[in-house]
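There are 2 protein chains.
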Amino acid sequence: MNLRAYLKLRRQMVDGALQRWLPAENEFPPEIHRAMRYSLFAGGKRLRPILALAGAETVGGKAVDALPLACSLEMIHTYSLIHDDLPAMDDDDLRRGQPTSHKVFGEGLAVLAGDALLTEAFYLLTRTDLMTGVSPRRRLRAIRLVARAAGSLGMIGGQAMDILAEGQKIEGHLLEYIHSHKTGALIAASVAAGAIIGGASEREFKTLRSYGEKLGLAFQVIDDLLDIRGEPRKLGKSTGKDRSRGKATYPAFFGITDSRRQAEVLVEEALLHLRLFPGQANPLREIAKYILKRTN
Amino acid sequence: MNLRAYLKLRRQMVDGALQRWLPAENEFPPEIHRAMRYSLFAGGKRLRPILALAGAETVGGKAVDALPLACSLEMIHTYSLIHDDLPAMDDDDLRRGQPTSHKVFGEGLAVLAGDALLTEAFYLLTRTDLMTGVSPRRRLRAIRLVARAAGSLGMIGGQAMDILAEGQKIEGHLLEYIHSHKTGALIAASVAAGAIIGGASEREFKTLRSYGEKLGLAFQVIDDLLDIRGEPRKLGKSTGKDRSRGKATYPAFFGITDSRRQAEVLVEEALLHLRLFPGQANPLREIAKYILKRTN
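Written out as structure tokens, the structure is:
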């Protein structure tokens, strides 16, 4: 498999669906729909959607059935970035190479655009004209999984601790909590909910969720490293901000070499979980290896 | 029926369920769960939950089946108040007689507490151990209805226009758009989604939705009037803010007497819709009349 070509095709599939399913830019009030689309179509990697599609296919389901889920995950991820960039949170001016939402639309509309993307994500997950091949019971379970991962016991919990830990001396277990929640939870839920939509058995579901948890944590550790060593031009955001804000990061705690090694171990562990799926999990394998090589 | 006693009992039923179903205050991270509970238990009227329960009962369903829906509506309403009170939006210091969330917890945590309440609302709606008497298909439809009403084509659309219209000269139809969306949409969805959970026929559903639309608009017109004529002590918030901020309100556009008359007509129209339900709709009738008399 050529990973680059695979990722590109999947990104196009997700982008096309997002274009179709999101309220159009001229829907009233246009200001809010412009703001929603501005951040959603700023050129994200679509990692979470692609993981959801691959999760469904790994257990023998159809990617197309997981497409609404895939889109809703990207909407939730994007809302979290918009709110995270607000002056009251990380106060960032640049995201994916463009001015952040509040810089373009003002803070009030940026808060609302985030709220709207989160809400619209759940609307999309309940549209009866989509996912017709998936039983209502499975769909409810997938929504529940996503909601838990995105909520105060998942992503939001991680973000809250991320803010509260700024400039503080923290313990290693708290650092892992922050990373596995603020980023890991939604990444794990992407694979796991995709598996549910694809018709996974309990064993398959748990295995893929474990894969996602390792992958999600590795992803955030690499993110920390990119904030130190990455190129702002490729990343589309400024670097060195974690350090200047006194953020709780892996490199700050373990050093660069050790953090890199930990990310590698996490990816190895993620790959071990995939032994349950000989052939079908190849995309998930390639994605795990790519996490270590990414430059943006 | 003694409306006061009825409302009190229903409030207790909703408050008890919220206490049970919301993450406990000591769940990690406690800061976010404290912030969520601080705003949720600040003494709201629980109008939306009570309407949802009454909507279910009006069509012959059980209140207990609609209790998760009822709680989720209050969580969505509360999140919208937290975000609405932020400095970037209406910049309010006082809500329900207490300092607003960002005054107590800081802006970052207030944004996150709102996000968490919205997310937790959808989690609650998908819990399989609750609403066992309701088919997954009906539950998906109720969630969809709530998500649409709370999103950019509903409540958030209304809030966006509310901000954008500040200090502007606007047309009457835009004023109605703002009011029917920022407040009306979620109130209408409360009754309508309650009816869905209660097993409504299409005709019953549409009738109750129309009732809710009229009621919701009337509620916001009275809100505008209370901002001019109400007592801050009873309201639990400062008054006169609409005028000082140049808000698009009914009294500013139509005058006080005409606005009051319009609210009365809206309530009369709401009551007309209830003719479809001779006896069972008595709570909805009483609530509609109470809207005109409320002082908080």
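If you read the sequences in order, they're chains A and B.
Sequential numbering of the first sequence, starting at 0, is according to numbering that gives the first Met the number 0.
Sequential numbering of the second sequence, starting at 0, is according to numbering that gives the first Met the number 0.
Think of the CB as a built atom: it goes at the ideal place given N, C-alpha and C, for glycine as much as any other residue.
A quick note: this is a predicted structure, and the numbers were derived from the prediction, not measured.
| query | result |
| --- | --- |
| Where are the alpha helix (DSSP H) runs, 4 residues long or more, that stay fully inside the region 99–164 of chain B, in chain order? | 100–104, 106–124, 135–149 and 154–164 |
| Return helix, strand or coil for A/Arg94, following the three-state DSSP convention. | strand |
| Would DSSP call B/Asp83 helix, strand or coil? | helix |
| Exposed or buried, which one is B/Ala4 when buried takes at least 16 other CB atoms within 10 Å? | exposed |
| Please report the distance separating the alpha-carbon of A/Ala16 from that of A/Cys70. | 7 Å |
| What residues from chain A crowd round B/Tyr122, counting only those whose CB sits closer than 8 Å? | Arg143, Ala146, Arg147 and Gly150 |
| Can a CB atom of chain B be found closer than 8 Å to the CB of A/Asp114? | yes |
| Counting contacts by CB-CB distance shorter than 8 Å, is A/Ile196 in contact with chain B? | no |
| For the candidate residues B/Arg208, B/Arg228 and B/Gly166, whose alpha-carbon lies nearest to that of B/Ser243? | B/Gly166 |
| Starting from A/Ile169, follow the alpha helix (DSSP H) in both directions and report where the run begins and ends. | Looking at the DSSP string, A/Ile169 is not in any alpha helix (DSSP H), and its letter there is neither H nor E. |
| Please report how far the alpha carbon of B/Ile290 lies from the alpha carbon of A/Gln97, in whole angstroms. | 47 Å |
| By the 10 Å Cβ neighbour count, where 16 or more other Cβ atoms means buried, how is A/Gly254 classified, buried or exposed? | exposed |
| Buried or exposed for A/Asp128, going by 16 or more other Cβ atoms inside 10 Å? | exposed |
| Along chain A, in chain order, which residues have C-beta atoms closer than 9 Å to that of B/Phe27? | Leu152, Gly156, Met160 and Tyr176 |
| Within the region 181–268 of chain A, note down every full alpha helix (DSSP H) run reaching 4 residues or more, in order along the chain. | 184–196, 201–228, 231–234, 240–244 and 249–253 |
| Given that B/His82 touches chain A, what residues does it touch there, using C-beta distances under 8 Å? | Val110, Leu111 and Asp114 |
| Going by CA-CA distance only, name the one from A/Leu80, A/Gly235 and A/Leu52 that's closest to A/Gln11. | A/Leu52 |
| To the nearest angstrom, how far is the alpha carbon of B/Leu116 from that of B/Arg9? | 21 Å |
| I want to verify the contact list: residues of chain A whose CB lies under 8 Å from the CB of B/Arg208, in sequence order. | The contacting residues do not exist; B/Arg208 stays about 17 Å from chain A at best. |
| Just verifying my parser: in three-state terms, what is the DSSP assignment at B/Ala287? | helix |
| For the 8 Å Cβ check, are there 3 or more pairs between the region 196–203 of chain B and the region 221–233 of chain B? | no |
| At which residues does the alpha helix (DSSP H) containing B/Ser38 begin and terminate? | Pro29 to Leu39 |
| If we cut at 8 Å on Cβ distances, does A/Gly166 have a partner in chain B? | no |
| Examine the ligand PLP and report whether any of its heavy atoms sits within less than 7 Å of the Cβ of A/Val63. | With respect to the ligand PLP, the structure offers nothing, as it holds no ligand at all. |
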